[in-house]
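Trainee: In the UniProt record's numbering, the protein residues as written are 1 to 448.
Note that the Cβ used here is the ideal one computed from N, Cα and C, for glycine as well.
A quick note: this is a predicted structure, and the numbers were derived from the prediction, not measured.
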Amino acid sequence: MTQAASSSHTPQTEQKRGIFQTLEIDTRLLGMVGAFVVICLAFQAWTGIRALPAFSWNPLEWLGAGRFLVPQNTFNIAIQTVSVAIMAAGMVFVIVTRHIDLSVGSILALCSAVMAVTQTQILPQTLGLGLEHPLTAPIAVIVGILTGMMVGGFQGWLIGYQKIPSFIVTLGGLLVWSRVAYFVAGGQTIGPLDSTFLMLGGTNGTIGTTASWVIGAIAALAAIYGIWNARRQKAGHGFPVKPVWAEVVMSLIATGLIFGFVAILNSNLIPPGRLRRMFEESGTVMPEGYTEAYGIPISVLILIAVTLVLTVMATRTRLGRYIFATGGNPDAAELSGINTKRLTVKIFALMGGLCGLSAAVASARLSNHSLDIGTLDELRVIAAAVIGGTALAGGIGTVYGAILGAVIMQSLQSGMAMVGVDAPFQNIVVGTVLVLAVWIDIQYRKRT
């Protein structure tokens, strides 16, 4: 009788696992997505209430009149997120290995100053390459990334080989590199910059609607292939696999998200005045009623490429296994033959290189090198990584989680700016969200 009751209870227990367990969706990631949706709906309703001529008790009217989820604001959030998100992706590896980097904003400022000086002074004076020369932008970006890698590698050497705590080294870097950037730039804003370089920033560099749909289709096919290839590999090695319907659902979700994102960006139309100037610069007249959309920004494609490369590195390479093994237990990793000192240098050099890439995106978006570029970026980057599920205790973290964390942070800041929240209070909210995210992470790991 007991056996019968037990056997009859088993299917119900399996059924109670729920659809999310069957789909093998990370519940913490799902919670982050839910928080992001709540933030978007809240700001959509808030801006809608402010936009209505008279107050209404109908929530649908609030949402319908809102300005937060319009294509233009979504486009702006996307290009504003890229710089922080690129650095947050690298910060995952730093925190996973039980370190911290407080100098990322200052390194970004230094790399931005170096790239601006390279374009406007060094290349014209030494090689005779002006601002619009085809080699100016590539050389400047390479110089900026190499500068970041050298600075990051030097800090990694101090941490790994000289055993100085990363908190102290990077706190010193926060103070030092921002001042070095000030002197490199001569204490002034540097601009204008090369037009090709400015294409990395956002509105000055997009690929148009047709190319965006092509990229979206390729990304959807790649996502579907990845899902089913992973299933095939699991089955080939004898591991349990999800039901076929679950794989189909995940494929549909991935495809829907990709095409939905592309559709939103393709709905953001270029302002008529800007479009008219573009036609005038090309020596033609804009046809009556002509419209054109931006499409996917080049900076977003850079972020996607960085995310894919770092995700593959974290999950498919020896370096990635070493990083997470070291974060899980540094002593055991060293005893097993991992050169943790050299690994530390590599991680911080990678972080510095990503700061250089972020500097190119940030300065291109601003169209110049400004003296306050990178200010408080260390707060945003660390917050994005932690909100994205990277454990400060080390050993746990995902690149895509950090990217989502960066999107949540930028959505919060953009929404607060739209409803008129003062900048000092925005930082209060960001700090509160960071502490709350760590607390939630601790409670989540206790339960799981």
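On the DSSP letters alone, give me the boundaries of the alpha helix (DSSP H) that P424 sits inside.
Mentor: Its alpha helix (DSSP H) spans residues A423 to R447.
Trainee: Please state whether the Cβ-Cβ distance between L252 and S363 is less than 8 Å.
Mentor: No; because the gap between Cβ atoms is not below 8 Å, this pair is not in contact.
Trainee: Evaluate Q15 with the Cβ neighbour count: other Cβ atoms within 10 Å of its Cβ, from every protein chain shown; 16 or more gives buried, anything less gives exposed.
Mentor: At Q15, the pLDDT of 45 sits below 50, so the modelled position is not reliable; the number obtained from the coordinates is stated separately. Under this definition Q15 is an exposed residue.
Trainee: Go ahead and pull the three-state DSSP assignment for T206.
Mentor: Correct three-state label for T206: strand.
Trainee: Applying the 10 Å Cβ sphere with the 16-neighbour rule, what's the burial state of W177?
Mentor: Per the 10 Å Cβ criterion, buried.
Trainee: Around the Cβ of E288, are there at least 16 other Cβ atoms within 10 angstroms (buried) or fewer (exposed)?
Mentor: Exposed, since its Cβ has fewer than 16 Cβ neighbours within 10 Å.
Trainee: Does DSSP classify P272 as helix, strand or coil?
Mentor: DSSP places P272 in helix when its eight states are reduced to three.
Trainee: Which residues in the same chain as S74 place their Cβ atom closer than 8 Å to its Cβ, once the five residues preceding and following it in sequence are excluded?
Mentor: Looking at the sequence provided, one finds Thr at residue 74 rather than Ser. So the qualifying residues of the chain are I264, L265 and N268.
Trainee: Once you ignore the five residues that flank Y161 on each side, which residues in its own chain have a CB closer than 7 Å to its CB?
Mentor: The residues are K341.
Trainee: Short of 7 Å in beta carbon distance, which residues of its chain neighbour V180, apart from the five on each side in sequence? Order them along the chain.
Mentor: Counting only Cβ-Cβ distances below 7 Å, and skipping sequence neighbours, we find L110.
Trainee: Can you say whether D331 is buried or exposed, counting buried as having 16 or more other CB atoms within 10 angstroms of its CB?
Mentor: With fewer than 16 other Cβ atoms within 10 Å, it is exposed.
Trainee: Using only CA atoms, which one of L108, I139 and V104 lies nearest to Q121?
Mentor: Answer by Cα proximity: I139.
Trainee: Just list the alpha helix (DSSP H) runs in the region 108 to 158, keeping only unbroken ones of 4 residues or longer that don't cross its boundaries, in chain order.
Mentor: Runs of the alpha helix (DSSP H) inside the region 108 to 158: 123 to 126.
Trainee: Would you mind stating whether M87 and V104 have Cβ atoms separated by less than 8 Å?
Mentor: Taking 8 Å as the Cβ cut-off, M87 and V104 qualify as a contacting pair.
Trainee: Per DSSP, what are the beta-bridge partners of A293 in this structure?
Mentor: Per DSSP, L269.
Trainee: With a threshold of 7 Å (Cβ to nearest heavy atom), would W177 be considered close to the ligand MG?
Mentor: Ligands are entirely absent from the displayed structure, and the ligand MG is therefore not among its contents.
Trainee: How many whole angstroms separate the CB atoms of R365 and G191, which I take to be in contact at a CB cut-off of 8 Å?
Mentor: In fact, because the Cβ distance is near 12 Å, the residues do not count as touching under 8 Å.
Trainee: Let me check one thing: in DSSP terms, what residues is I190 bridge-paired to?
Mentor: In the DSSP output, where bridge partners are listed per residue, I190 has H369.
Trainee: Mind checking whether Y400 and T315 have CB atoms under 8 Å apart?
Mentor: Cβ atoms of Y400 and T315: not closer than 8 Å.
Trainee: Is it buried or exposed for Q155, if we count other Cβ within 10 angstroms and need 16 for buried?
Mentor: Looking at its Cβ environment, which holds 16 or more other Cβ atoms inside 10 Å, Q155 is buried.
Trainee: Rounding to the nearest angstrom, what Cα-Cα distance links A385 and P165 in this structure?
Mentor: Taking the straight line joining both Cα atoms gives about 20 Å.
Trainee: Any chance the region 394 to 411 sits against the region 370 to 385, with 3 or more Cβ pairs inside 8 Å?
Mentor: Contact between the region 394 to 411 and the region 370 to 385 is present, because at least three Cβ pairs lie under 8 Å.
Trainee: Does chain D have any CB closer than 8 Å to the CB of D101?
Mentor: Here chain D cannot be found, since the structure has a single protein chain.
Trainee: Identify the continuous alpha helix (DSSP H) that holds I408 and give its terminal residues.
Mentor: First-last of the alpha helix (DSSP H) with I408: V399 to M418.
Trainee: What does a CB cutoff of less than 7 Å around T2 pick up in its chain, not counting 5 residues either side in sequence?
Mentor: Annotation note: pLDDT 41 at T2 (below 50); position unreliable, no value reported.
Trainee: Taking the continuous alpha helix (DSSP H) assigned at F36, which residues delimit it?
Mentor: Residues T27 to A51.
Trainee: Could you name the residues of the same chain whose beta carbon sits closer than 7 Å to that of A35, not counting the 5 residues immediately before and after it, in chain order?
Mentor: I408.
Trainee: So, helix, strand or coil for V241, using DSSP?
Mentor: Here V241 sits in coil by DSSP.
Trainee: According to DSSP, simplified to helix, strand and coil, what is P71?
Mentor: Helix at P71.
Trainee: Closest to T189 by C-alpha separation, out of T375, L354 and S367, would be which residue?
Mentor: Looking at the Cα atoms, S367 is the closest of the given residues.
Trainee: Using DSSP with H/G/I as helix, E/B as strand and the rest coil, what is V262?
Mentor: Of the three classes helix, strand and coil, the one that applies to V262 here is helix, per DSSP.
Trainee: Sort G389, K234 and G238 by Cα distance to residue 453 and report the nearest one.
Mentor: Summary: the structure shown does not reach residue 453, with the chain confined to residues 1 through 448, and so no result is reported for it.
Trainee: I need the DSSP call for Y322, collapsed to helix, strand or coil.
Mentor: Reduced to three states, the DSSP call for Y322 is helix.
Trainee: Alpha carbon to alpha carbon, how far is L127 from V169? Give it in angstroms, no decimals.
Mentor: Taking the straight line joining both Cα atoms gives about 36 Å.
Trainee: Measuring alpha carbon to alpha carbon, tell me which residue in L343, L436, I49 and G415 is nearest V96.
Mentor: Nearest C-alpha to V96: L343.
Trainee: Taking 8 Å as the threshold, find out whether the region 62 to 71 comes into contact with the region 32 to 52 through three or more Cβ pairs.
Mentor: Output reads yes: the region 32 to 52 touches the region 62 to 71.
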